Structure formats: C-alpha cells, structure tokens
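Before any comments, here is the structure.
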Amino acid sequence: MQAINVTNLTVSYDRNPVLENVSFTIPNGSITGIIGPNGAGKSTLIKSILRLIPSNSGEVEVYGKPYGQQKQLIGYVPQRSEVDWDFPTNALDVVLMGRYRHIGMFKRAGKAEVAWAKECLKKVGMQDYAQRQISQLSGGQQQRVFLARALAQDAMVYFMDEPFSGVDAATERAIIELMKKWKQEGKTVIVVHHDLQTAEDYFDHILLLNKQTIDFGETKKVFTLENLEKAYGGKIAFLQRTPSTAKEPTAHGSLSYQPE
Amino acid sequence: MEMFFHGFMQRAFQASFLISLIAPILGLFLILRRQSLMADTLSHVSLAGVALGLLIGVNPTFTNILVVSVIAIVLEYLRVVYRTYSEISIAILMSAGMALALVLMGLNDGGATLSMNQFLFGSIVTISEQQVWMLLILTIIIGLLYLIFRKPLYILTFDEETAFTAGLPIKTMSVLFNILTGITIAVTMPIVGALLVSAIIVLPAAISMRLSNRFNGVILIGIVLALIGMFSGLVVSYKIGTPPGASITLILLIVFVITIFMKKILHYIKREKLFKSTDMSVD
C-alpha cells in the first residue's frame, strides 16, 4: 500500500523554479527523511504537497486518492519558529487545537476531549506543564507540545518540518520514540531533516532532494557517498564517528555537510 | 451630574459602552494577526467612504460601510500576495484611502468641510440615536460571531498553516474578520474620529495582554480597561471641551504607562522577597 504518491511536482517563486518535476512514492508505515542542502526545497516540498504553497503542476495522491479528498488523514507539525509563542494560551489549549477536526468547529471540548489532550501531553512527558503559558516553555518543551498536538490529531500520515532543530536530547528521544510508535501503528511519517549525521539512524527511507529528486528509496540504497555528492555538489566531508555515537560500523563512516 | 441629563451625553455613554465591548475582541485578534495597523488603514480608507457619501448626498455611514468592506477584501488579497512584506498592503491602502478622500472632498463644495472635520476628530455632540442603534446591532453581531467562531479563529490566528491543513476555511474567515473590523471602524469613527479610532480598538487589548496570559482573560480585562478609558475620556471631554477621541486615547496611554510601571514594581518586590527568603535559608 502506498501512502503518498507525488508525480511531477513543480513549484516556482516569481518564475524561479524551486522544485522541478519531483516524483516519488512513499510506502505506508514508513519513516521517510527528506534530506538536502539549504535551499534544496525541502520545506517547500511538504508545503506544496499540503497546498500551503501553490504548485505550478503535479499530482499528489494520498492512499490512492487525490489529496483534496484525503485531507482528514493528514497531520502537520510545522517548524517551531513559524508560530507566535507569545500567543496568550497554554499548552493544553494548543493540544486541544489538534482535536478540532474530531470535536467539530463550533462545539466546546468536552471532558473526554480534555482528558485525551492531557493523555497526549503525558505521552510526550509534558503532563506537568498543561496549564503553563506557552512562552514560558523551553524550545524542546514547545516542540513536545507540538508533538502532543500531532498525537491529538490522530492522523494517518504525518508531515514534520525540522522537528529536531534546536531541541534537547530528551526531546529528540521523544520525537524518535513517537515516530517509531506511529510506524508500528501502520502510520506514515515524513520528516524534513538537515542533519546528515543522524539521518541514517532515524529514517528507513530517504528522499534526497536538490530542487529535483536525486534519489529515493530505502536508506541503505540511497544514503551513499555518490548520491550525497550529487545532492550537495561535492561539499561533503568525511567524519569519523566518535566512539560515543557509533552504534555499529557503517560502510562509509559518517558524513557531514559543510555549507559555504 | 448634570451632564447625564443631556441627551447627547447619554447617547455618548451608550455608544462608548458598546464600543468598549467590541474593541478588545477585535483589537486582540488584530494584534495577534500582526494587523494592528490594519485598523489605521481602514480608518483612512473610511474617510474616503465618508467623503463619497457627502459628495453624492447619501448617509456617509452607509457609503463608508460599503467602501471599507470592499477594501477589507482587497487587504486580505494583498496580505496573501505580499506574504513576507504584509505591511506593504497597509502602506498602499492607507495612502490610497487618504488621497481618494482628499480628492472627493475637493470635488465637493465648502459645506462638507465641517462634516469632514467631525469625522477626522470625532464629536460626541453629534452622536445620533440611529448611530447608537447601529452600534448595538453591530455589537450583537460581533458578540454572536465571536461566540460561534471563537475557536476556529483562535486556531487560525495561532497557526494558520496547521489550521489550513486541518480543513478550516481560513480565507473566508480572514475576509469576514477584516470586513467586521471595517464595519466597526465605519460605525465608530464619527464618534472618536478617524485619526484615533484604531488606537481605541488596539490599546485596551495591547494593555491587557500584559496583564493576563489567558485568551479570555485578555479580552475581559480589555473590556474593563476600555470602559475606564472611554467613560473617563468622555467626562474629560465634556468638562474641558477636548476632542473625545484624543481624550480617550491619552487616558488609555496613561493606563498603559501605569501598567508597565506597576508591573516593574511588582517584579522588583517579588525579586526582593525571593532574595530575602534565600538569604534567610542560607543563614
């Protein structure tokens, strides 16, 4: 079963192409990382799939049907920086926002919904912060509130934009555990990610992107030096894994991207 | 006390009471949507609406509502077109509104100038019963819409992208919100004046945002602050003959300064207490 099928997606800003004829098919129950250099169009790709940005051409299918008919199956976790954290609201209310589709637009959240939202906060270790104003949370805690909101959405396909950026180790673990849990439940997770060092550990599929699809498939197949050089234009350096981070020897050591 | 026996003062207090109920609701959403200058733009545009009414001899409030509603829709369009520079739409429409108002006034003969002054600076003497009724209807509409759309608008304001992916009709709601703001300005400006109407909408919410971090808390405190500002402004305006809009704005600004000052003092006292208690625990 295919969760997401993107065919020939092209997006441009003011006639400058940002994505050209991007096509790929993401299998159900997988965790896919979208990897590529700065300006490769990673965030643009998921935003255009979600129709937050208009595309020039291309088709997006979710479980074999056009995106428009399957919107209710989609959950989205935007970059933390895209939201106003000074907004007068608390963590619990943010999580309840994720339940809107289930509660209905004009109904108030009942006791069951509030209990469910609290349960979601508990799953990400934030139960003690339910009434905390969101500006008083640390970056990692804010990201976990976003995760709890995504949990509350109860979607089938999750799109996450740079969830690991600027978070502490505990939050990083919480995100990984959640992604694995979703995978076990047969859900599909698509993550925009920029850290090459961790990509191999986090994702079972990788979409290597630089305005066009460089390669897509299982991580072992796609995450090769040759492919990465194609995507990053030769700005790839070899790094030896330090003993603390090495879990098992890999064919090509560890890679890092050095932006100019 | 004698001021309450005047019919115009009674109407002014009634109108102020109603404005105090709606201003903080609109103001808070305007601030959170980064559109606090939109009220200013629409008030400039509404001058053109008034000038048009005076020129063609129709009740200026009606032409005003029409013009402001159209521009409110254009504003939403420009906000999307200039996504990263959303203030451009404000700059363009503010100058366009003012220019159009001046041209339309120029086409009119001298008689309209006096009325125009009234719309620029506001007047409590001229508040008609019809205006109070319009405000009452508007307050009921905004109150009802707020009760119905509170949650979706709240979600939309916090995170527009996620609201969109969750299937909320974000464009319709944005346009509806802009139109409501426009109509409020059109109905309110004869009382408080085009130049200061945005201050009266935005200031109570801006102050109360510093006093509460709960959404409903901000709105409730905002209403109390607006009532204090509007009523005392009217009294001052009546007693010493100052323009009502300016008096209300200045009082709200004084409240703003006092709030900041009080918060600083409270913060200082809290810190001192904390130091003292840690000193004692060290001893």
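Residue numbers (my numbering), protein chains in the order written: chain S, 1063 to 1322; chain D, 96 to 378.
Don't be surprised by glycine CBs; every beta carbon is placed ideally from N, CA and C.
On a predicted model such as this, the values are computed, not experimentally measured, just so you know.
| Any idea if Arg1206 of chain S is buried or exposed, counting beta-carbon neighbours within 10 angstroms, 16 or more meaning buried? | Counting from 1 along the first sequence, the entry for residue 1206 of chain S is found at position 144. Its Cβ being crowded by 16 or more others within 10 Å, Arg1206 of chain S is buried.
| Amino acids of chain S, ordered along the chain, whose beta-carbon sits closer than 7 Å to that of Arg309 of chain D | As a first step, residue 309 of chain D must be located in the second sequence, where it is residue number 214. Chain S residues near Arg309 of chain D: Pro1150.
| request: Kindly indicate if chain D contains any beta-carbon less than 8 Å away from that of Glu1224 of chain S. | output: Position 162 of the first sequence, counted from the first residue, corresponds to residue 1224 of chain S. It does not: the Cβ of Glu1224 of chain S has no partner Cβ on chain D nearer than 8 Å.
| message | Just to check my reading of the structure: Thr252 of chain D and Ile185 of chain D have Cβ atoms closer than 8 Å, yes? What is that Cβ distance to the nearest angstrom? | response | Residue numbering aside, residue 252 of chain D sits at position 157 when the second sequence is read from its first letter. Residue numbering aside, residue 185 of chain D sits at position 90 when the second sequence is read from its first letter. Actually they are not in contact, since the Cβ atoms of Thr252 of chain D and Ile185 of chain D sit about 18 Å apart, beyond 8 Å.
| field | Secondary structure of Glu1121 of chain S, DSSP reduced to three states | value | The sequence position of residue 1121 of chain S within the first sequence is 59, counting from 1. Of the three classes helix, strand and coil, the one that applies to Glu1121 of chain S here is strand, per DSSP.
| said: Quick check: Leu121 of chain D and Leu230 of chain D, are their CB atoms within less than 8 Å of each other? | reply: Counted from its first residue, the second sequence places residue 121 of chain D at position 26. Counted from its first residue, the second sequence places residue 230 of chain D at position 135. Cβ distance not < 8 Å, so Leu121 of chain D and Leu230 of chain D don't count as in contact.
| field | Option nearest Leu298 of chain D by Cα separation, candidates D:Gln225, D:Leu132, D:Arg106 | value | In the second sequence, residue 298 of chain D corresponds to position 203, counting from 1. When each option's Cα is compared against that of Leu298 of chain D, the closest is D:Leu132.
| said: Can you give me the C-alpha to C-alpha distance between Gln1204 of chain S and Tyr1138 of chain S, rounded to a whole angstrom? | reply: Residue 1204 of chain S sits at position 142 when you count from the first residue of the first sequence. Residue 1138 of chain S sits at position 76 when you count from the first residue of the first sequence. Taking the straight line from one Cα to the other gives about 15 Å.
| Going by other Cβ atoms of all chains shown within 10 Å of its Cβ, with 16 needed for buried, is Pro285 of chain D buried or exposed? | As a first step, residue 285 of chain D is located in the second sequence; it is residue number 190 there, counting from the start. Classification of Pro285 of chain D: buried, given that the 10 Å Cβ count is 16 or more.
| query | Where does Asn1067 of chain S fall in DSSP's three states? | reply | For the purposes of this step, residue 1067 of chain S is identified with residue 5 of the first sequence, where counting begins at 1. It is a strand residue.
| said: Counting only C-beta atoms, is Met1218 of chain S closer than 8 Å to chain D at any point? | reply: Taking the first sequence and counting its residues from 1, the one referred to as residue 1218 of chain S is at position 156. Output row for Met1218 of chain S: interface = no.
| said: Taking CB distances under 8 Å as the criterion, tell me whether Ala261 of chain D reaches chain S. | reply: The residue labelled residue 261 of chain D in the question sits at position 166 within the second sequence. Answer yes: the Cβ-Cβ gap between Ala261 of chain D and chain S drops below 8 Å somewhere.
| request: Flag Ile1097 of chain S as yes if its beta-carbon sits less than 8 Å from any beta-carbon of chain D, otherwise no. | output: Along the first sequence, read from residue 1 onward, the residue named residue 1097 of chain S stands at position 35. So no, Ile1097 of chain S is outside the interface.
| Should Glu1175 of chain S and Ile1165 of chain S be called a contact, given that it needs their Cβ atoms to be closer than 8 Å? | The residue you call residue 1175 of chain S lines up with position 113 of the first sequence. The residue you call residue 1165 of chain S lines up with position 103 of the first sequence. Yes; because the gap between Cβ atoms is below 8 Å, this pair is in contact.
| task | Step through the CB atoms of chain S and report whether any lies within less than 8 Å of the CB of Leu127 of chain D. | result | In the second sequence, counting from the first residue as 1, residue 127 of chain D sits at position 32. With 8 Å as the cut-off, Leu127 of chain D counts as an interface residue toward chain S.
| query | Among the residues of its own chain, which have a CB less than 6 Å from the CB of Met304 of chain D, if the five just before and after it don't count? | reply | For this step, residue 304 of chain D is matched to residue 209 along the second sequence. For Met304 of chain D, where only same-chain residues beyond five positions count, the Cβ hits under 6 Å are Val313.
| query | Closest Cβ-Cβ distance between Val1145 of chain S and chain D: below 8 Å? | reply | The count along the first sequence starts at 1 and reaches residue 1145 of chain S at position 83. Answer yes: the Cβ-Cβ gap between Val1145 of chain S and chain D drops below 8 Å somewhere.
| query | Since Ile1136 of chain S contacts Leu1112 of chain S with CB under 8 Å, what's their CB separation in whole angstroms? | reply | Start at 1 with the first residue of the first sequence, and residue 1136 of chain S comes out as number 74. Start at 1 with the first residue of the first sequence, and residue 1112 of chain S comes out as number 50. So it is a contact: roughly 7 Å between Cβ atoms.
| said: Taking the alpha carbon of Ala425 of chain D as the reference point, which residue from D:Leu291, D:Leu275, D:Leu361, D:Thr354 has its own alpha carbon closest? | reply: A query on residue 425 of chain D cannot be resolved here, the shown segment of chain D reaching from 96 to 378 and no further.
| message | Let's test the definition: count the other Cβ atoms within 10 Å of the Cβ of Asp1190 of chain S and tell me whether it reaches 16, buried, or not, exposed. | response | Sequence index remark: in the first sequence, residue 1190 of chain S carries index 128 (1-based). Answer is exposed; the Cβ neighbour count stays below 16.
| Whole-Å CB distance - Thr1069 of chain S paired with Glu1082 of chain S, under 8 Å assumed | Numbered from 1 along the first sequence, position 7 holds the residue referred to as residue 1069 of chain S. Numbered from 1 along the first sequence, position 20 holds the residue referred to as residue 1082 of chain S. Not a contact, Cβ separation roughly 13 Å.
| query | Between the region 1117 to 1136 of chain S and chain D, which residues of the former have CB atoms less than 9 Å from a CB of the latter, in chain order? | reply | Lys1133, Gln1134, Ile1136
| said: Using DSSP's beta-bridge definition, name the partner residues of Gly1279 of chain S. | reply: Against the first sequence, residue 1279 of chain S aligns to sequence position 217. Answer is S:Ile1268.
| field | Residues of the region 1162 to 1176 of chain S whose Cβ lies closer than 9 Å to any Cβ of chain C, in chain order | value | The question asks about chain C, but that chain is absent: this structure's protein chains are S and D.
| task | Specify whether the region 1114 to 1123 of chain S and the region 1281 to 1288 of chain S touch according to this definition: at least 3 beta carbon pairs, one from each stretch, less than 8 Å apart. | result | no
| field | Contained alpha helix (DSSP H) runs [length at least 4] in the region 1165 to 1248 of chain S, N- to C-terminal order | value | 1173 to 1185, 1201 to 1215, 1231 to 1246
| field | 6 Å Cβ shell around Phe1208 of chain S - same chain, five flanking residues per side excluded | value | Within the first sequence, the letter at position 146 stands for residue 1208 of chain S. Only Val1139 meet the Cβ criterion.
| query | In three-state terms, what does DSSP make of Phe1086 of chain S? | reply | As a first step, residue 1086 of chain S must be located in the first sequence, where it is residue number 24. It is a strand residue.
| Proximity below 8 Å, CB of Asn1100 of chain S to CB of Ala1065 of chain S | The residue you call residue 1100 of chain S lines up with position 38 of the first sequence. The residue you call residue 1065 of chain S lines up with position 3 of the first sequence. No, Cβ-Cβ distance for Asn1100 of chain S and Ala1065 of chain S is not below 8 Å.
| request: Could you please give the first and the last residue of the uninterrupted beta strand (DSSP E) stretch that includes Ile1093 of chain S? | output: Taking the first sequence and counting its residues from 1, one reaches residue 1093 of chain S at position 31. Where Ile1093 of chain S is concerned, the enclosing beta strand (DSSP E) stretches over 1093 to 1097.
| List, in order along the chain, the chain D residues whose C-beta lies closer than 9 Å to that of Met1159 of chain S? | Indexing the first sequence from 1 puts residue 1159 of chain S at position 97. Here the neighbours are Lys246, Tyr249, Ile250, Phe253, Asp254, Thr257, Ala258, Ala261.
| Starting from Thr156 of chain D and walking both ways along the alpha helix (DSSP H), at which residues does that stretch end? | Here residue 156 of chain D corresponds to residue number 61 of the second sequence, with the count starting at 1. 155 to 176 is the extent of the alpha helix (DSSP H) around Thr156 of chain D.
| message | Would Phe370 of chain D and Leu290 of chain D qualify as a contact pair, given that the criterion is a beta-carbon distance under 8 Å? | response | Along the second sequence, read from residue 1 onward, the residue named residue 370 of chain D stands at position 275. Along the second sequence, read from residue 1 onward, the residue named residue 290 of chain D stands at position 195. Going by C-beta atoms, Phe370 of chain D is not nearer than 8 Å to Leu290 of chain D.
| Roughly how many angstroms lie between the CA atoms of Leu1301 of chain S and Leu1258 of chain S, to the nearest whole one? | Along the first sequence, one-based indexing puts residue 1301 of chain S at 239. Along the first sequence, one-based indexing puts residue 1258 of chain S at 196. Annotation note: pLDDT 48 at Leu1301 of chain S (below 50); position unreliable, no value reported.
| request: Quick one: measure Cβ to Cβ for Ser1085 of chain S and Thr1281 of chain S, integer angstroms, because I've assumed they're closer than 8 Å. | output: On the first sequence, residue 1085 of chain S is found 23 positions in, with the first residue counted as 1. On the first sequence, residue 1281 of chain S is found 219 positions in, with the first residue counted as 1. Actually they do not touch by this definition, with Cβ atoms about 19 Å apart.
| task | Assuming Ala1212 of chain S and Met1188 of chain S form a contact by the criterion Cβ under 8 Å, report the distance between their Cβ atoms to the nearest whole angstrom. | result | As a working mapping, residue 1212 of chain S is identified with position 150 in the first sequence. As a working mapping, residue 1188 of chain S is identified with position 126 in the first sequence. So it is not a contact: roughly 13 Å between Cβ atoms.
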